[in-house]
Amino acid sequence: MAIKGVEIGQVFKFSKTVGETDVTLFAGLTGDFSDTHINEQYMQEKSSIGTRIAHGALIVGYMSTASTISIAHVIHRDDLDEFPVSAGYDRIRFIKPVLLGDTVTVIYRVAEIDEEKRRSMAEMEVINQRGEVVAAGRHLMKWAKKLKN
8 MAIKGVEIGQ VFKFSKTVGE TDVTLFAGLT GDFSDTHINE QYMQEKSSIG
58 TRIAHGALIV GYMSTASTIS IAHVIHRDDL DEFPVSAGYD RIRFIKPVLL
108 GDTVTVIYRV AEIDEEKRRS MAEMEVINQR GEVVAAGRHL MKWAKKLKN
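Counting along the sequence shown from 1, when you hit position 132 you're at 139 in our numbering, and nothing is skipped either side.
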């Protein structure tokens, strides 16, 4: 039985300019106050990058947003007898740093569907405004039976 509304090759995107507020709030929420994220002078003096970078976990959060967009068109369908639940992320790689002021686009592409296990898998790439891949990974979505009211 097919998973309704999910097809191999479907593409969903999310774009965001990573700003000062994003990084500062994320540091506060997570407790990750590494100098690489919050100390410009340190990065200018000690790093080959020369400026602060966004948290890798923040970029994974943007990947999560893309996965939410991928299901938005199906979760409220009356004929849907399953609901999607994130089953995890795999092979996450941070390929290039994301600098404050970069605009990143997550490209979320449904790559596999396992009808027997009721799972879909997407390949994700995060690309900056210069067309460089800055992060990549895979996302597993589990399609679970809805409870009947």
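Backbone N, C-alpha and C fix where the C-beta goes; we use that ideal spot for every residue, glycine too.
* To do: Could you tell me if residue 117 is buried or exposed, where buried requires 16 or more neighbouring beta carbons within 10 angstroms of its beta carbon?
  => Within the sequence shown, residue 117 is the residue found at index 110, counting from 1. Buried: at least 16 other Cβ atoms inside 10 Å.
* Would you identify the three-state DSSP class for residue 77, choosing helix, strand or coil? => For the purposes of this step, residue 77 is identified with residue 70 of the sequence shown, where counting begins at 1. Residue 77 falls in the helix class under three-state DSSP.
* Asked: Nearest CA to the CA of residue 11: which residue from 77, 96, 69 and 89?
  -> The sequence position of residue 11 within the sequence shown is 4, counting from 1. Of 77, 96, 69 and 89, the residue nearest in Cα terms is 89.
* Asked: Does the beta-carbon of residue 115 have 16 or more other beta-carbons within 10 angstroms, so that it is buried, or is it exposed?
  -> As a first step, residue 115 must be located in the sequence shown, where it is residue number 108. Its Cβ being crowded by 16 or more others within 10 Å, residue 115 is buried.
* Can you have a look at residue 127 and say buried or exposed, based on whether 16 or more other CB atoms are within 10 angstroms of its CB? => Translated into the one-based positions of the sequence shown, residue 127 becomes position 120. So residue 127 counts as buried.
* First and last residue of the uninterrupted beta strand (DSSP E) at residue 147 -> The residue given as residue 147 occupies position 140 in the sequence shown. Residue 147 -> beta strand (DSSP E) spans 140-152.
* Using three-state DSSP, classify residue 33 as helix, strand or coil. => Reading the sequence shown from its first residue, position 26 is the one you call residue 33. In the structure shown, residue 33 sits in a helix (DSSP, three-state: H, G or I).
* Asked: To which residues of the same chain is residue 237 closer than 8 Å at the C-beta, ignoring the five residues directly before and after it?
  -> Given a span of 8 to 156 for the chain in the structure shown, any question on residue 237 remains unanswerable.
* Helix, strand or coil for residue 65 per DSSP? -> For the purposes of this step, residue 65 is taken as the residue at position 58 of the sequence shown. Residue 65: helix per DSSP, three-state reduction.
* To do: Could you tell me which residues DSSP pairs with residue 168 in its beta bridges?
  => In this structure the chain extends from 8 to 156, so residue 168 is not present and cannot be described.
* Leaving out five residues before and five after residue 95 in sequence, what residues of the same chain have Cβ atoms less than 6 Å from its Cβ? -> By one-based count along the sequence shown, residue 95 stands at place 88. Closer than 6 Å at Cβ, skipping near neighbours: 147.
* Asked: Can residue 142 and residue 100 be called in contact, C-beta distance under 9 Å?
  -> Here residue 142 corresponds to residue number 135 of the sequence shown, with the count starting at 1. Here residue 100 corresponds to residue number 93 of the sequence shown, with the count starting at 1. Yes, these two residues count as a Cβ contact at 9 Å.
* What did DSSP end up calling residue 71 once you bin it into helix, strand or coil? -> Position 64 of the sequence shown, counted from the start, is the residue given in the question as residue 71. Three-state result, residue 71: helix.
* CB residue 15 to CB residue 120, shorter than 9 Å? -> Locating residue 15 in the sequence shown gives position 8, where the first residue counts as 1. Locating residue 120 in the sequence shown gives position 113, where the first residue counts as 1. Contact: yes.
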